Ligand SMILES: Cc1cc2nc3c(=O)[nH]c(=O)nc-3n(C[C@H](O)[C@H](O)[C@H](O)COP(=O)(O)OP(=O)(O)OC[C@H]3O[C@@H](n4cnc5c(N)ncnc54)[C@H](O)[C@@H]3O)c2cc1C
Ligand code: FES
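Chains as they are written, first to last, in the working numbering: chain A, 25 to 276; chain B, 29 to 673.
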């Protein structure tokens with residue numbers, strides 16, 4: 025198939041960007057979206073124009089490195105699918121496809137389609153962990169975890185940190201990302217000792233960088249791992265409870 | 029094409045005495061750095077995959093000053109994240125006869141008797157601690173209804189010793205290590221540099237004293253000095269261009285170290301994984317693994333009649349050749365990877381492949397679904413089945429999967445001693461970057477185990493032995509000539525890539541190299557093929573340096589420039605791989621020389637002449653490398669021909 029691509033080009037963080045239009049010909053239906061971009065980049069290189077910068081790595085939908093807006097949707101039209109797993113058979117000959125980077129003030133553009141998502145790391149550094157030094161752990165089967173809790177924790181832990189939730193949100197909120205990590209840990213017995221301090225630290229760090237959630241639900245729809253918005257409700261509950269629990273603990 | 033041989037015999041520094049006590053005794057004999065002195069040391073960790081993140085976090089917890097570097101945007105990413113199937117440990121929770129000794133034995137045998145006994149025994153010993161540690165971190169391993177941890181069996185093992193987190197074990201273990209690292213970053217013991225690529229190891233007076241790094245977003249070149257440098261930079265399967273590795277995986281860090289004196293061990297030991305989705309077109313950029321765990325429930329077959337063009341479901345059972353079950357009745361579909369891959373290759377060579385390009389074999393879940401119900405299969409593999417469907421547009425619950433072998437893992441890597449130190453004092457290599465524990469073939473679910481063993485439990489102890497000699501000495505200042513010279517090398521190389529002004533892209537050369545490597549240094553190797561490959565690689569390398577076209581500049585994000593450096597290094601490494609393959613006149617594990625096989629086509633080892641590790645020393649581009657050897661002693665496992673029949 026032949027396609028027209030309207031792609032965001034931006035030379036650097038401080039330079040203004042603009043759309044450029046390119047034609048790619050004879051794209052195979054079997055190709056992935058990123059392989060189509062590879063093909064375009066090969067053409068551009070041959071023609072003496074600098075290839076388009078985009079982030080990617082595993083190309084299996086697990087590392088969370090890829091991610092662009094495709095016709096206005098984070099990761100494109102197929103639900104539960106990261107950009108790298110999207111295949112060209114979802115498009116047809118003659119289509120025009122618009123490709124942009126994530127748009128959020130917390131994720132500044134580095135170049136073309138590449139953005140800086142490091143505020144996500146700041147949220148994890150604030151409390152997205154269980155404090156246990158290497159070597160200090162008891163036998164693994166001393167901790168018994170109900171299968172349902174383990175399964176729910178895994179559902180939350182499946183987040184790949186791609187940033188689609190932020191890109192989809194009209195307020196650029198990072199609640200789904202934050203809630204997924206917090207609830208992964210807060211649902212497990214191992215996570216209980218730090219549950220309330222974690223809730224406060226992660227939420228407050230999130231609020232330093234990102235907008236606030238007004239329950240649009242766009243994040244869940246955009247998530248390539250179908251992470252449920254219910255985790256946000258649980259996070260809110262933990263955050264409210266934490267205000268009392270932490271005070272109670274401190275006064276003991 | 030002769031290599032200058034055997035100038036030295038390497039010693040591993042492994043302890044002696046009963047194997048069960050070696051690690052314990054060694055730890056006791058190792059010099060300790062007292063807690064108050066640890067903060068006087070600077071340690072650089074390059075790479076934050078499983079091995080690097082676990083090492084950096086643990087060193088930070090111990091009180092060292094750690095600087096960690098990764099070319100990824102975050103330590104939450106690394107190739108490790110893609111591991112699907114699981115991680116082994118000798119817990120024996122299922123009570124099916126597993127033990128440390130059995131895991132040790134299986135690993136030595138699976139590696140086709142080409143690994144170091146002491147290291148492998150230590151690996152089996154610490155495997156249990158890894159499960160304890162990661163469970164305490166909150167890694168959501170699969171559990172049984174009673175709330176305890178679940179296990180499954182995995183290629184090459186007859187016991188269930190594999191722990192898993194759905195089909196995302198690597199992701200969950202990496203996130204666990206990343207979170208431990210995040211905790212140290214916020215505690216200030218670890219300083220993390222993202223989007224930063226190490227391009228030189230700095231060596232002064234024979235010791236590793238630091239690294240040179242390029243900031244990938246600004247192009248800035250900086251030096252960093254330390255008392256010791258740890259490379260945890262992963263494997264080199266992408267030398268084949270098409271592999272299951274993440275796109276960015278490369279050999280630059282270990283290759284730059286090799287050029288500075290670190291010996292490269294067993295470069296020809298590469299693993300071609302049997303269960304990957306076959307290539308579908310010429311633009312394909314990578315191959316996707318379908319976890320080996322699928323072989324627990326899937327049956328592998330091809331039609332008996334090579335000309336059978338019926339859809340798979342129309343072919344009656346008695347007209348199918350379940351060739352693994354037929355040839356290896358004891359292990360059936362669970363034979364180790366090298367055996368399964370070569371069997372698939374033989375089927376395709378006999379023109380019995382399936383699919384539009386006749387380049388696959390079937391992996392069929394029909395009887396498992398009948399026996400266990402669709403629900404159970406969904407629970408075990410739904411994410412893999414979805415991934416398969418997304419890529420191929422076929423539903424594996426109904427139509428058998430098509431699979432084919434693809435480059436996946438590299439057992440070779442930098443030579444390290446028992447302390448995981450390379451032949452350059454002060455320079456360590458951990459995880460897939462070293463050669464240590466898997467011999468000539470790695471068993472499934474053992475790479476995660478080894479990466480985390482190295483990072484959490486081995487290196488943090490063994491590094492003290494070296495460091496203790498440098499108490500109260502300052503790291504070499506970055507103004508030293510050793511650093512400024514290394515920076516110049518990096519700058520000049522980048523400028524050279526940009527100024528060649530040829531006609532072809534980096535990917536063009538990478539693809540060409542990959543074709544040569546898969547054809548001549550892949551599943552089957554011959555003297556004639558390898559000799560031809562060496563000449564072809566040299567030609568591609570010359571063309572690369574005269575006809576490369578890299579646009580843009582070096583002072584901002586330039587992904588073509590990054591790849592140019594990596595492919596330049598692959599073009600040198602590839603030649604060493606072929607030379608090693610040529611030199612090793614035997615077949616073992618993933619290294620199959622067609623001249624050395626048994627009557628029924630199995631690998632034929634030559635223990636008398638080749639029971640050693642080959643560790644190669646760099647002597648310059650195009651100049652024959654020097655081979656050093658480390659003899660392998662087998663005191664606890666008797667050498668025998670591997671049999672899975
Ligand atoms: C698809 C797939 C599935 C797998 N499944 C399993 C499994 O089920 N069980 C199992 O045991 N094993 C599995 N493996 C193998 C296993 O995942 C890897 O061997 C292992 O994760 C390697 O870990 P590592 O930490 O050594 O390296 P990596 O995870 O590759 O990490 C390398 C790190 O080094 C950094 N780096 C590299 N070079 C530089 C440089 N020059 N400068 C700065 N940073 C650098 C990278 O940014 C990264 O942080 C699988 C592999 C693949 C491909
Ligand atoms: S490239 Fe890894 S998720 Fe898309």
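Quick reminder that beta carbons are idealized off the backbone N, C-alpha and C, glycines included.
For clarity, every value in this text was computed on a predicted model and none was experimentally measured.
Note down, in chain order, every chain A residue with its Cβ under 9 Å from the Cβ of residue i.
i	result
residue 577(B)	69, 70 and 72
residue 647(B)	The premise fails here: residue 647(B) is roughly 34 Å from chain A at the closest Cβ pair, so nothing lies under 9 Å.
Bridge partners of residue i, per DSSP?
i	result
residue 190(B)	116(B) and 180(B)
residue 616(B)	619(B)
residue 97(B)	74(B) and 221(B)
residue 640(B)	659(B)
residue 253(B)	238(B)
residue 329(B)	390(B)
residue 32(A)	43(A)
residue 434(B)	301(B)
residue 94(A)	97(A) and 123(A)
residue 56(A)	111(A)
residue 455(B)	257(B)
residue 418(B)	In the DSSP output, where bridge partners are listed per residue, residue 418(B) has none listed.
residue 645(B)	654(B)
residue 50(A)	Answer is none; residue 50(A) lacks a bridge partner.
For a contact defined as C-beta to C-beta under 7 Å, what are the partners of residue i on chain B?
i	result
residue 52(A)	309 and 311
Anything in chain A within Cβ reach of residue i, meaning under 7 Å, just list it in chain order.
i	result
residue 245(B)	134
residue 105(B)	81, 87, 88 and 89
residue 173(B)	171
residue 194(B)	178
residue 208(B)	153
residue 561(B)	Simply none; closest approach about 25 Å.
How would you list, in chain order, the residues of chain A whose beta-carbon sits under 8 Å from the beta-carbon of residue i?
i	result
residue 674(B)	Outside the shown range of chain B, which is 29 to 673, sits residue 674(B), and nothing can be said about it.
residue 748(B)	In this structure chain B extends from 29 to 673, so residue 748(B) is not present and cannot be described.
residue 584(B)	35, 36 and 135
residue 378(B)	Within 8 Å Cβ-Cβ: nothing; residue 378(B) doesn't reach chain A, min ~26 Å.
residue 214(B)	149 and 150
residue 176(B)	165 and 168
residue 415(B)	84, 85 and 109
Which residues in chain B sit within 8 Å of residue i, going by Cβ to Cβ distance?
i	result
residue 107(A)	Simply none; closest approach about 12 Å.
residue 113(A)	421
residue 214(A)	163, 164, 165 and 166
Residues of the segment 305-319 of chain B with Cβ closer than 9 Å to any Cβ of chain A, in chain order: Within the segment 305-319 of chain B, the residues whose Cβ lies closer than 9 Å to some Cβ of chain A are 308, 309, 310, 311, 312, 313, 314, 316 and 317, listed in chain order.
Inter-stretch contact at 8 Å, needing at least 3 Cβ pairs: the segment 125-136 of chain B / the segment 196-215 of chain B: Counting Cβ pairs under 8 Å, fewer than three are found: no touch.
Where the segment 586-606 of chain B meets chain A: residues whose CB sits under 7 Å from a CB there: Cβ contacts with chain A: 587 and 588.
Members of the segment 141-160 of chain A that neighbour chain B once the beta carbon cut-off is set at 8 Å: Flagged, chain order: 141, 142, 144, 145, 148, 149, 150, 152, 153, 154, 155, 156, 157, 158, 159 and 160.
Stretch pair the segment 271-288 of chain B + the segment 346-354 of chain B: three plus CB contacts closer than 8 Å: Touching, no, given that fewer than three Cβ pairs across the two stretches are closer than 8 Å.
Contacting positions in the segment 50-76 of chain B - beta carbon closer than 7 Å to chain A: Of all residues in the segment 50-76 of chain B, none places a beta-carbon less than 7 Å from a beta-carbon of chain A.
Given 8 Å, three or more beta-carbon pairs between the segment 502-511 of chain B and the segment 220-227 of chain B: Contact between the segment 502-511 of chain B and the segment 220-227 of chain B is not established, with fewer than three Cβ pairs separated by less than 8 Å.
Residues of the segment 120-140 of chain B whose Cβ lies closer than 9 Å to any Cβ of chain A, in chain order: Residues passing the 9 Å Cβ filter: 121.
Segment contact flag, the segment 257-264 of chain B with the segment 449-460 of chain B, C-beta cutoff 8 Å, min 3 pairs: The way I'd put it, the segment 257-264 of chain B does touch the segment 449-460 of chain B; three or more beta-carbon pairs between them come closer than 8 Å.
Segment contact, 8 Å Cβ cut-off, at least three pairs: the segment 143-161 of chain B with the segment 481-499 of chain B: Three or more beta-carbon pairs drawn from the segment 143-161 of chain B and the segment 481-499 of chain B are found closer than 8 Å, and the two stretches are therefore classed as touching.
Cβ pair count under 8 Å reaching 3, the segment 234-248 of chain A against the segment 176-196 of chain A: The count of Cβ pairs closer than 8 Å, one atom from the segment 234-248 of chain A and one from the segment 176-196 of chain A, reaches three, so the stretches are in contact.
Contact between the segment 550-567 of chain B and the segment 614-626 of chain B (3+ Cβ pairs under 8 Å): A contact exists between the segment 550-567 of chain B and the segment 614-626 of chain B.
At least 3 beta-carbon pairs within less than 8 Å: the segment 312-331 of chain B vs the segment 108-115 of chain B: Judged by Cβ distances under 8 Å, the segment 312-331 of chain B makes contact with the segment 108-115 of chain B, as three or more pairs qualify.
Three CB pairs or more closer than 8 Å across the segment 427-438 of chain B and the segment 375-394 of chain B: Yes, since at least three Cβ pairs between the segment 427-438 of chain B and the segment 375-394 of chain B fall closer than 8 Å, the two stretches touch.
Residues in the segment 478-489 of chain B having any Cβ partner in chain A nearer than 8 Å: Listed by position along the chain: 484, 485 and 488.
Chain A contacts made by the segment 149-174 of chain B, where a contact means CB separation under 9 Å: Contacts with chain A (Cβ-Cβ distance below 9 Å) from the segment 149-174 of chain B involve 156, 157, 159, 160, 161, 162, 163, 164, 165, 166, 167, 168, 169, 170, 171, 172, 173 and 174, listed in chain order.
Chain B contacts made by the segment 238-252 of chain A, where a contact means CB separation under 9 Å: Going along the segment 238-252 of chain A in chain order, one finds no residue with a Cβ nearer than 9 Å to chain B.
Chain-ordered residues of the segment 399-412 of chain B with a beta carbon less than 8 Å from chain A: The segment 399-412 of chain B vs chain A, Cβ under 8 Å: nothing.
Cβ contact check for the segment 61-74 of chain A and the segment 82-94 of chain B: 3 or more pairs under 8 Å: Judged by Cβ distances under 8 Å, the segment 61-74 of chain A makes no contact with the segment 82-94 of chain B, as fewer than three pairs qualify.
Contact list for the segment 192-220 of chain A against chain B, Cβ threshold 8 Å: Flagged, chain order: 208, 209, 212, 214 and 215.
Interface positions of the segment 620-649 of chain B facing chain A (Cβ-Cβ less than 7 Å), listed along the chain: Along the segment 620-649 of chain B, there is no position whose C-beta sits under 7 Å from a C-beta of chain A.
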